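Here the sequence shown stands for residues 41 to 220, numbered as in the working numbering.
Where is the CB? At the ideal position from N, CA and C, for every residue including glycine.
Computed from a prediction, not measured in an experiment: that's the story for all the values here.
The block underneath contains the structure these notes are about, expressed in structure tokens.
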Amino acid sequence: MATPERQFSNNGNLPPYIPVSEGMWLSRLQPTDEDAQDFYEFCRKNLEFLEGHHEDYPRDVVSPQKAKKGIEDSAAHSILLWGIKTTDHQGLAGVLSLEDQGEGVYEIGVGLDEQMQNRGVATSSMNALADAVFTAGGRKLVAKTDPTNFRSQKVLSRTHFTFAYKHPDGDFVYELLAQG
Ligand SMILES: CC(C)(COP(=O)(O)OP(=O)(O)OC[C@H]1O[C@@H](n2cnc3c(N)ncnc32)[C@H](O)[C@@H]1OP(=O)(O)O)[C@@H](O)C(=O)NCCC(=O)NCCS
């Protein structure tokens with residue numbers, strides 16, 4: 041049986057560590073005790089802030105053990121989670137998700153620690169992950185957002201995504217194609 045790792049068409053080329061800028065980097069969340077603790081603390085701290093924006097927000101991350109299971113279950117569903125880390129913030133500054141939809145298409149999602157908004161963290165980390173995906177051979181990134189989520193739409197514009205269509209569930213779908 042294929043391991044979760046092997047279900048990703050381009051996963052082999054996506055590095056576990058992606059530098060973003062001085063003092064900021066992305067780290068693949070693994071089902072280790074340390075990552076599970078970080079993910080748990082991030083989810084609990086930002087539950088109220090984030091849950092309205094993510095239909096898949098992991099409300100059940102009520103312990104480090106559940107966080108570890110959440111990381112494992114995500115991978116089993118072809119979703120990689122990346123922690124956004126900075127030298128000036130304890131714990132995760134944010135989390136990026138990347139769902140492999142096949143044929144080089146990936147859906148990207150982002151949520152910040154509420155305290156880390158308004159600093160360009162989402163913009164710069166999404167740019168870095170997009171570069172890594174396209175370098176690894178990805179063809180297209182898509183992002184879904186609620187029509188009323190203007191902050192999210194501003195980040196998508198800043199990272200050069202363009203509006204593609206309105207999903208039947210009401211969300212706006214944005215796309216970013218690999219260059220060339
Ligand atoms: C959506 C979300 C990620 C946006 O966060 P954000 O802080 O607005 O985005 P960034 O980290 O890119 O910061 C950009 C803002 O910081 C400002 N900024 C400050 N320093 C900056 C820098 N060095 N570089 C870029 N922008 C900077 C920008 O001017 C911008 O503010 P503006 O939009 O008022 O012009 C955040 O609000 C969030 O986590 N929301 C909840 C989850 C969610 O909605 N996710 C999206 C749906 S999947």
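- At the C-beta level, His93 and Gly151 come within 9 Å of one another.
- As a beta-bridge residue in DSSP terms, Val135 pairs with Gly123 and Gly151.
- Excluding its 5 nearest sequence neighbours in each direction, Gln105 has C-beta neighbours in its own chain below 8 Å: Ala76, listed in chain order.
- Between the alpha carbons of Ala183 and Asn86 lies a gap of roughly 21 Å.
- Three or more Cβ pairs drawn from the stretch 192-201 and the stretch 158-173 lie within less than 8 Å of each other, which places the two stretches in contact.
- Taken atom to atom, the span from the alpha-carbon of Tyr214 to that of Arg191 is near 14 Å.
- Around the CB of Gly220, fewer than 16 other CB atoms lie within 10 Å, so the residue is classed as exposed.
- Straight through space, the alpha carbons of Val173 and Tyr57 are spaced by roughly 13 Å.
- Ser197 carries a helical assignment under DSSP once its states are collapsed to helix, strand and coil.
- With fewer than 16 other Cβ atoms from the protein chains shown falling within 10 Å of its own Cβ, Gly210 counts as exposed.
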